[in-house]
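Trainee: Take 18 as the starting number for the sequence shown in our numbering and just add one per residue. My questions will all concern the structure given below.
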Amino acid sequence: MSALAIEKNAVNLGQGFPDFNCDPALVGAVSEAMKNGLNQYPPMVGIPSLRSAIAEKIKKLHGHSYDPATEITVTAGATQGLLTAIMCAVHTGDEVIVIEPAYDSYVPAIELAGGKPVFVQMTLGANGYAVPWDNVAAAVSPRTRLIMINSPHNPTGSVLSATDIAALADIVRDTDILILSDEVYEHMVYDGLTHESISRHPELAARAFIVSSFGKTYHVTGWKIGFVAAPVALSAEFRKVHQFNVFTVNTPVQYGIAQYMQNPAPYLELSAFYQRKRDLFRTGLQDSRFKLLPSDGTYFQCVDYSAISSTSEVEFASWLTSEIGVAAIPVSAFYSTPRQSGIVRFCFAKQDETLHKALQRLKTI
């Protein structure tokens, strides 16, 4: 879709990254680290000041204490964190429950580890997408090694509630099943909802890898830096793989982010920042032929286009890009097998000017 958007000079609301710059203060902090000679290998698990800042943030926001020395690892983006967690935990023949639609790196990583993905599809009702926990429980077998969850959720924009987390706890209690919790959109939750990080729930945190991304939080997706928090036994296994698939992560960026994290305002204010953009985009589409699905978190808005076309999601997204001049992503791309529901995903992490331009084009349909 992005290649087609470039070819057709379309407004690209497909790819999930901002078209605006990060805070100049963050760039300045990284530049200073470079100028000060902090350009050689850092410790394999991340510089101590950054790991301490991460642990302090989790403690303040969610009440869980991770030891920065043994339970926090800095990664080359969240995707590397996900891959490494899967590679250390999943072995040949192990089953991993994947809730679809799902971020597209999950299944290849499971298969690379020799595991077998077991799919459970989210349901779509009047209140948007939801996880059918009875179906998740039914998918558990003696071979189940890992359950992967993602909240706030890409691509649907749904957010797991405390009730969801309790249902997950009931499923894994008295088992050896591990949890891999993808929380890269942790600071993008709207309308007063709470991000139920797995770290908030001691019973689950004791068996979980929690993955997050500075790229998403600080508008620097190209820097590829994130972290994984996990109890000491899981972190020890994680680090055995981390050492040999990436070894370590960009040194000056680590120092710059560690300094920048001393001010919590940028991540504490992120939900309000993106909720305004979400509301701008939703308001602009209210009188259109698109049906807006709930967007409780992330910077994605899914829409039902069934009142416009009966074509497949790929065909509709291609038409939208080529003929209307706005690129979107077909939600069917987030399933292991083709599944048509007449829904595409827009990204509203864009300048207001970009969003207004896209809305003008979409209103012509």
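Where is the CB? At the ideal position from N, CA and C, for every residue including glycine.
For the stretch 208-240, which segments carrying the alpha helix (DSSP H) assignment without a break, of at least 4 residues, lie completely within its bounds, in sequence order?
Mentor: Within the stretch 208-240, the complete alpha helix (DSSP H) runs of at least 4 residues are 219-222, 231-234.
Trainee: Assess, as a yes-or-no matter, whether the stretch 285-293 is touched by the stretch 113-130 under the definition of 3 or more beta carbon pairs within less than 8 Å.
Mentor: The stretch 113-130 is not in contact with the stretch 285-293.
Trainee: Quick test of the definition: if touching needs 3 or more C-beta pairs under 8 Å, does the stretch 210-230 touch the stretch 54-67?
Mentor: Verdict: no, contact absent.
Trainee: If you measure between the beta carbons of Ile196 and Ala225, is that distance less than 8 Å?
Mentor: Yes, Cβ-Cβ distance for Ile196 and Ala225 is below 8 Å.
Trainee: Determine, using beta carbons only, whether Phe351 and Pro172 come nearer to each other than 8 Å.
Mentor: Against a cut-off of 8 Å, the Cβ pair of Pro172 and Phe351 comes out as a contact.
Trainee: Let me know the secondary structure DSSP gives Lys133 once reduced to three states.
Mentor: Note: Lys133 maps to strand in three-state DSSP.
Trainee: With DSSP collapsed to three states, give me the class of Cys364.
Mentor: It is a strand residue.
Trainee: Spatial neighbours of Pro283 within its chain, please: C-beta separation below 6 Å, excluding the five flanking residues on both sides.
Mentor: Result list for Pro283: empty, nothing under 6 Å.
Trainee: Do His204 and Cys39 have their C-beta atoms closer together than 8 Å?
Mentor: No, the Cβ-Cβ distance between His204 and Cys39 is not below 8 Å.
Trainee: Along the chain, where does the beta strand (DSSP E) containing Ala350 start, and where does it finish?
Mentor: Where Ala350 is concerned, there is no enclosing beta strand (DSSP E), given that its DSSP letter is neither H nor E.
Trainee: On the three-state DSSP scale, how would you describe Asn167?
Mentor: Reduced to three states, the DSSP call for Asn167 is strand.
Trainee: My guess is that Val348 and Glu332 are in contact by the Cβ rule of under 8 Å, so how many angstroms apart are they, rounded?
Mentor: The pair is not a contact, with the Cβ atoms about 14 Å apart (cut-off 8 Å).
Trainee: What is the rounded straight-line gap between the Cα of Ser175 and the Cα of Ile182?
Mentor: Straight-line Cα distance between these residues: approximately 14 Å.
Trainee: Across which residues does DSSP place Tyr146 in a beta bridge pair?
Mentor: Note: Tyr146 sits in a beta bridge opposite Leu141.
Trainee: Using 8 Å as the threshold, is the stretch 69-89 in touch with the stretch 133-147, meaning 3 or more CB pairs across them?
Mentor: At 8 Å Cβ cutoff, the stretches do not touch.
Trainee: Kindly list the residues whose CB is nearer than 7 Å to the CB of Thr371, restricted to its own chain and excluding five residues on each side of it in sequence; keep chain order.
Mentor: Closer than 7 Å at Cβ, skipping near neighbours: Val28, Asp36.
Trainee: Quick check: Leu376 and Gly145, are their CB atoms within less than 8 Å of each other?
Mentor: In this structure, Gly145 does not lie closer than 8 Å to Leu376 by Cβ.
Trainee: For His275, which of helix, strand or coil comes out of DSSP?
Mentor: For the sequence presented, residue 275 should be read as Ala rather than His. DSSP places Ala275 in helix when its eight states are reduced to three.
Trainee: Checking the sheet assignment: what are the DSSP bridge partners for Glu112?
Mentor: According to DSSP, Glu112 bridges with Lys133, Thr161.
Trainee: Which complete beta strand (DSSP E) runs does the stretch 291-341 hold, if anything under 3 residues is left out?
Mentor: Counting only runs of 3 or more, we get 317-321.
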